[in-house]
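Below is one structure, written out as structure tokens, with a few remarks after it.
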Amino acid sequence: MKKITLLIACLGLMISCNEASKKETEETPSETIQETEAITEKEPTKPEETEIWEPIPDKVNPSAQNGAPSDALVLFDGSGFDQWISSVDSTEVKWNLNDDGSMTVKDKTGDIQTKKNFGSVQLHLEWRSNPDNKATNQNRSNSGVFFQNRYEVQILDNNDNPTYVNGMVGSIYKQAIPLVNPAKPTGEWNAYDIIFHAPEFDSEGNKTKAATLTVLLNGVLVQDHFELEGTTEYIGWPKNEAHGPAPIKLQDHQDMSGVSYRNIWVREL
Ligand code: MG
């Protein structure tokens, strides 16, 4: 009896060993990969191993040009419209140049746009609603800044002036409602700081990467890396026709808006 028990125990041990060996063989390839990765991605043990010293970023003076960074292109500093043309006929700008270093939309003279074309940019722009404009809804101090002539970040006086929220101040017109409304009271200066990444298209004209907009209004985030669906249309759905670099445009809403602008600068990304 003892012999039979011993034999069964030995057989059990052999089967168990065989299975363990088989399992070991099956696991070998992945274990080898893990071991290789462990060697190449060895946990650093010294602080120097995770330090990067080059390339050194260019030094920029953040307020070298009357408040604009040293590497920015100043688009408007109050001295004139050198960087701008009329969007209507590419002639000189007809808007009003003011003594305080600002400019004001001259009604029904049309939009104005930069002479230069831009791709992805960081833009700073200050604007003020017109205290004499008592209109309602979309007609109270309506203007806007368009990137690549197609994508509008809305400018509107929404102080005690409700409108559709995807068309209010801080919105990406008819596409993105602002996260909050940090606009100043009517007639005070506001500042937009906007990061625009241009859309990309393949050789057949298909969009391969959506444009994005990050917008701060008076230092407060109102659009957080929003992916645009296409152009910001007044009527209809967004369009996605292929295009390249294009001007930055400021809107004449043609309703006595009286919106003013000052201190506009751009950094190409
Ligand atoms: Mg507008």
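Heads up: the sequence shown runs through residues 66 to 334, numbered per this note's numbering. In this text, a Cβ means the ideal position worked out from N, Cα and C, and glycines have one as well. None of these values were measured; they are calculated from a predicted model.
{"Query": "Bridge partners - E106, DSSP secondary structure assignment", "Result": "Beta-bridge pairing links E106 to no other residue."}
{"Query": "Q288: CB within 8 Å of a non-hydrogen atom of the ligand MG", "Result": "no"}
{"Query": "Three-state secondary structure (DSSP) of N161", "Result": "strand"}
{"Query": "CA-to-CA distance, K239 to E191, given in whole angstroms", "Result": "22 Å"}
{"Query": "CA-to-CA distance, V158 to Y229, given in whole angstroms", "Result": "31 Å"}
{"Query": "Where the beta strand (DSSP E) containing D258 begins and where it ends", "Result": "W254 to H262"}
{"Query": "Per-residue burial, I121 [other beta carbons within 10 Å of its own, 16 or more giving buried]", "Result": "exposed"}
{"Query": "Cutoff 7 Å; reference T93; Cβ partners in own chain excluding five residues on either side", "Result": "The pLDDT assigned to T93 is 49, lower than 50, so where the model puts this residue is not dependable, and the model offers no usable value."}
{"Query": "Same chain, Cβ closer than 7 Å to W254, neighbours up to 5 away in sequence not counted", "Result": "E191 and R193"}
{"Query": "Alpha-carbon to alpha-carbon, I220 and N207", "Result": "6 Å"}
{"Query": "S236 burial status per 10 Å Cβ neighbour count (16 or more: buried)", "Result": "buried"}
{"Query": "Runs of beta strand (DSSP E) wholly within the stretch 121–191 (minimum 3 residues, chain order)", "Result": "138–141, 149–151 and 177–179"}
{"Query": "Rounded separation between L152 and T179 - CA only", "Result": "The amino acid occupying residue 152 in the given sequence is Ser; Leu does not appear at that position. C-alpha separation (whole angstroms): 9 Å."}
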